[in-house]
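First the structure, in the form of structure tokens, and then the observations on it.
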Amino acid sequence: MKHNQMRQVVFPILAAFIWGTAFVAQDMCADAMGAFAFNASRYFIAVLALLVVIVISDKLKKDKPVLSPAEKKAANRQLWLGGLCCGAALAMASNFQQAGMVAGTDSGKAGFLTALYVVLVPVCGLFFKRKVSLPVWIAVALSVIALYLLCINGEFSLAPGDLLILACAVCFTIHILVIDHFTATVDGVKLSCLQFLFAALISTVCMFLFEDVDFAAIWGCILPLLYVGIFSCGVGYTLQILAQKGSNPTVVTILLSLESVFAVIAGAIILKQQMSVREYIGCAVMFIAVILAQIQFPEKKKAE
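Laid out in structure tokens, this is it:
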């Protein structure tokens with residue numbers, strides 16, 4: 112497997128693993144602080160973590176590109192614009208999700224509805240003339256079935272809070288497509304750092320407008336916040352950005368949706384939760400979808 116292919120497969124799987132195992136830390140913070148305070152805190156921590164990475168990597172770089180003042184200005188403008196667009200989409204997605212859960216949507220249904228970006232990304236990609244092969248469409252359908260088996264217990268019905276989660280899925284779709292647009296021209300780690308900066312600023316404004324801020328409660332959750340800030344955000348979302356560089360966003364989203372599988376497995380191992388037969392089947396179907404999405408089928412040659 113070539114280096115680029117390895118990156119496009121391993122990075123999103125690692126990101127999904129980190130996000131799936133981060134649910135334990137998120138649950139620890141949920142009762143202690145509001146959604147905006149939680150998101151603002153973890154995003155600022157991610158900014159600080161990535162700034163350290165950027166400073167170190169810049170010092171270690173031997174061959175730095177020489178740009179004219181005009182080229183440097185254009186590159187910086189593109190980087191900041193990308194950070195703003197990605198950060199706004201990320202802030203809206205994460206806050207819609209948290210608001211939906213506060214409104215009564217349970218975590219299982221929230222996970223399923225959020226992961227519908229697996230369908231929305233290829234559908235939206237059609238408007239940008241991004242072709243999706245039949246095996247990948249089948250993989251998308253299998254992913255939705257797997258997510259339903261993993262996340263939904265009992266009857267499925269839509270409640271008011273579910274509409275907020277659907278809005279979250281739309282925002283995550285926009286986030287993925289915006290990343291796909293900007294990764295071709297900007298540094299992935301710097302883009303990730305700036306998206307968290309803007310997401311943190313947006314969440315902070317909302318925190319002071321809509322919540323009663325309790326800094327003691329925030330400090331009391333510093334350890335789980337450090338985990339979600341450094342690993343779930345700083346590492347996980349940066350891996351997503353690096354994985355999407357030059358790759359098919361639909362295939363990456365299928366790999367990222369493994370988050371639900373890892374969340375169920377982490378719950379069974381860490382929280383000693385019992386996995387049902389339904390969840391085992393869901394995991395198996397998801398793995399089949401992931402394998403199918405990775406198979407390269409030869410294209411039929413056109414008759415001359």
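Everything in the sequence shown is counted per my numbering, starting at 112 for the first residue and increasing by one.
For each residue, glycine too, the CB sits at the ideal point set by N, CA and C.
Same chain, Cβ closer than 8 Å to residue i, five either side skipped, listed in chain order
| i | result |
| --- | --- |
| Cys140 | Phe149, Cys332, Pro335, Leu336, Val339 |
| Ala133 | Tyr338, Val339, Phe342, Ser343, Gly347 |
| Leu237 | Val243 |
| Ala295 | Lys356, Gly357 |
| Leu277 | Leu224, Leu227 |
| Asp298 | Leu190 |
| Met397 | Leu253, Ser254, Ala257, Leu258, Leu261, Ser368, Leu369, Ser371, Val372 |
| Gly215 | Ala270, Pro271, Gly272 |
Proximal residues to residue i (C-beta, below 7 Å), its chain only, five neighbours per side dropped
| i | result |
| --- | --- |
| Cys304 | Val158, Leu161, Leu162, Ile165 |
| Tyr259 | Phe223 |
| Ala200 | Cys282, Ile285, His286, Val289 |
| Ala311 | Ala151, Tyr154, Phe155, Val158 |
| Ala221 | Gln208, Gly211, Met212, Ile276 |
| Cys235 | Thr284, Leu288 |
| Asn359 | none |
Coarse secondary structure for residue i, derived from DSSP in three states
| i | result |
| --- | --- |
| Ala143 | coil |
| Gln385 | coil |
| Leu369 | coil |
| Thr364 | helix |
| Cys262 | helix |
| Glu390 | helix |
| Gly357 | coil |
| Ser205 | helix |
| Leu343 | This sequence places Ser at residue 343; Leu is not what is there. The answer is helix: DSSP assigns Ser343 an H, G or I state. |
| Arg118 | helix |
| Pro271 | helix |
| Met193 | Sequence check: residue 193 is Gly here, not Met. If DSSP states are grouped into helix, strand and coil, Gly193 belongs with the helices. |
| Cys332 | coil |
| Gly215 | coil |
| Val396 | helix |
| Asp138 | helix |
| Asp323 | coil |
| Arg241 | coil |
| Gly133 | The displayed chain sequence assigns Ala, not Gly, to residue 133. Ala133 falls in the coil class under three-state DSSP. |
| Lys172 | coil |
Endpoints, alpha helix (DSSP H) assigned at residue i
| i | result |
| --- | --- |
| Phe238 | 228-238 |
| Val297 | It is not in any alpha helix (DSSP H) - Val297 carries neither H nor E in the DSSP assignment. |
| Leu178 | First-last for Leu178: undefined, no H or E at that position. |
Residue burial classification, residue i (beta-carbon count within 10 angstroms, cutoff 16)
| i | result |
| --- | --- |
| Asn187 | exposed |
| Tyr154 | buried |
| Trp330 | exposed |
| Ala181 | exposed |
| Ala400 | buried |
| Ile167 | exposed |
| Glu415 | Any answer about Glu415 is weak, because its pLDDT of 43 lies below 50 and its placement is not dependable; what the coordinates show is given next. Flag for Glu415 reads exposed. |
Inter-residue CB distance, residue i and residue j (contact presumed, cutoff 8 Å)
| i | j | result |
| --- | --- | --- |
| Leu195 | Phe309 | 5 Å |
| Gln351 | Pro123 | 6 Å |
| Ala377 | Val135 | 7 Å |
Other residues of its chain near residue i: CB distance less than 6 Å, five sequence neighbours each side excluded
| i | result |
| --- | --- |
| Gln119 | Ala354, Ser358 |
| Cys394 | Val372 |
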